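*Asks:*
Numbering (our numbering), first residue to last: 101 to 364.
(1) Have a look at the DSSP bridge pairing and note the partners of residue 277.
(2) Alpha carbons only, please: which of 160, 115 and 134 is nearest the one belonging to residue 146?
(3) Any idea if residue 328 is buried or exposed, counting beta-carbon neighbours within 10 angstroms, 16 or more meaning buried?
(4) My output table needs one value for residue 340: the three-state DSSP class, helix, strand or coil.
(5) Quick check on DSSP: helix, strand or coil for residue 169?
(6) To the nearest whole angstrom, what separates the beta carbons of residue 276 and residue 246, a pair I think is in contact under 8 Å?
(7) Is the beta carbon of residue 258 closer than 8 Å to that of residue 199?
(8) State the DSSP-derived secondary structure class of residue 121, mapped to helix, strand or coil.
(9) I believe residue 228 touches residue 338 by the beta-carbon criterion, under 8 Å. Please report the beta-carbon distance rounded to the nearest angstrom.
(10) Who are the Cβ neighbours of residue 322 in its own chain at under 8 Å, not counting the five residues just before and after it?
(11) Pick out whichever of 268, 107, 120 and 149 has its Cα sitting closest to the Cα of residue 137.
(12) Taking residue 135 as the reference, which of 254, 305, 157 and 109 has the closest Cα?
(13) With burial defined as no fewer than 16 other Cβ atoms inside 10 Å of the residue's Cβ, what is the status of residue 346: buried or exposed?
(14) Measure the alpha-carbon distance for residue 187 versus residue 242 and round it to whole angstroms.
(15) Please report how far the alpha carbon of residue 216 lies from the alpha carbon of residue 313, in whole angstroms.
(16) With a threshold of 8 Å, are at least 3 pairs of Cβ atoms found where one atom belongs to the segment 258-271 and the other to the segment 121-131?
(17) Where in the segment 294-350 do unbroken runs of the alpha helix (DSSP H), each at least 4 residues long, occur, reported from the N-terminal end onward?
(18) Does the beta-carbon distance from residue 320 to residue 148 come in below 8 Å?
(19) Going straight from the alpha carbon of residue 352 to that of residue 248, what length do you get?
(20) Can you give the Cα-Cα distance for residue 291 and residue 180, rounded to whole angstroms?
(21) Assign residue 310 to one of two classes, buried (16 or more other C-beta atoms within 10 Å of its C-beta) or exposed (fewer than that).
(22) Between residue 287 and residue 157, how many whole angstroms is the CB-CB distance? I'm expecting something under 8 Å.
(23) Work out the CA separation of residue 154 and residue 295 for me, nearest whole Å.
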C-alpha cells in the first residue's frame with residue numbers, strides 16, 4: 101500500500117478517535133497491524149498525527165485557552181484557570197514519566213489493547229449509569245477537587261486502548277460534571293498532556309526521521325487536523341443526546357472483531 105494512502109487512512113483514524121472515548125492509540129495500533137504498518141517508523145508517524153489532532157483543539161478552543169492563561173478573563177470572576185489544568189494533568193504526567201519505558205515495552209501491542217478496550221467500555225457504562233447529579237454545568241463551575249479527581253482518572257489512559265477522553269469524561273461524570281463540561285475539560289486537558297507526551301516521544305524518535313517520510317507525515321498530519329476539527333464539534337453535540345453507552349458497546353464489538361482478525 102502506498103505511503104499517502106496509509107497516511108490518509110491512519111490520519112482519519114486518529115482524527116475520528118482521538119477525542120471520542122474509544123481510544124485513538126488502540127485504533128492506530130490495531131489498524132496499523134492490519135495494514136502491516138508497524139515498527140519505529142509507524143510509532144514516529146503516530147506522534148506527528150497526534151500533534152495534528154491537538155492543533156484542532158487549539159483552533160476550536162482558542163478563546164478558552166487564552167482565558168485560562170489570564171487573557172480576557174474578568175478579574176474576580178470564578179472561571180476555569182491554569183490551576184485547574186495543572187491539577188488535571190499532574191497525576192498522569194508524574195505516573196507517565198515513571199512508567200514510560202514500561203508502558204512502551206509491555207502495553208503497546210494488539211493483545212493489551214483488546215483487554216483495555218473491554219475494561220474501558222465497562223468504565224463508560226458505569227459512569228453513564230451512576231453519574232452524579234450535575235453540579236458543574238459549565239467549565240467555569242468546575243472545582244479544583246473535581247479537576248484533580250478527573251486527573252486521577254486520566255492515569256488510566258496510560259494503558260493504550262483505554263482512551264484518554266473516555267477515562268477523563270467518565271471521571272468528570274462521576275464527580276458531578278455535566279456531559280458537555282466533562283467532554284470540554286477532557287479536550288482542554290489533552291493540549292498540555294499530548295504536547296508533553298508527543299514531544300518526549302518525538303525527541304526520542306529523531307534518529308528515525310528521514311526526508312523520504314515527509315509526504316507520509318504531511319498527509320497524516322493534515323488529515324488528522326481536518327477530521328479532528330469536525331469530530332470535536334460533532335461530539336460535543338452528540339454526547340448530550342446519546343451519552344456514553346453506545347461508545348462502550350462499540351468498544352466491545354471492536355474488541356471482538358479485532359480478536360478474530362488479529363489474534364488468529
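Just so you know, even glycine gets a beta-carbon here, dropped at the ideal spot from N, CA and C. On a predicted model such as this, the values are computed, not experimentally measured, just so you know.
*Replies:* Reading from the atomic positions:
(1) 236
(2) Distance check between residue 146 and each of 160, 115 and 134 places 115 closest, using alpha-carbon atoms only.
(3) buried
(4) Reduced to three states, the DSSP call for residue 340 is helix.
(5) coil
(6) 7 Å
(7) yes
(8) If DSSP states are grouped into helix, strand and coil, residue 121 belongs with coil.
(9) Going by Cβ atoms, the distance from residue 228 to residue 338 rounds to 14 Å, so no, they are not a contact pair.
(10) 111 and 152
(11) 107
(12) 109
(13) Label assigned to residue 346: exposed.
(14) 12 Å
(15) 31 Å
(16) Touching, per the Cβ criterion.
(17) 314-342
(18) yes
(19) 29 Å
(20) 15 Å
(21) exposed
(22) The Cβ separation is near 5 Å, so the contact holds.
(23) For residue 295 and residue 154, the distance between alpha carbons rounds to 8 Å.
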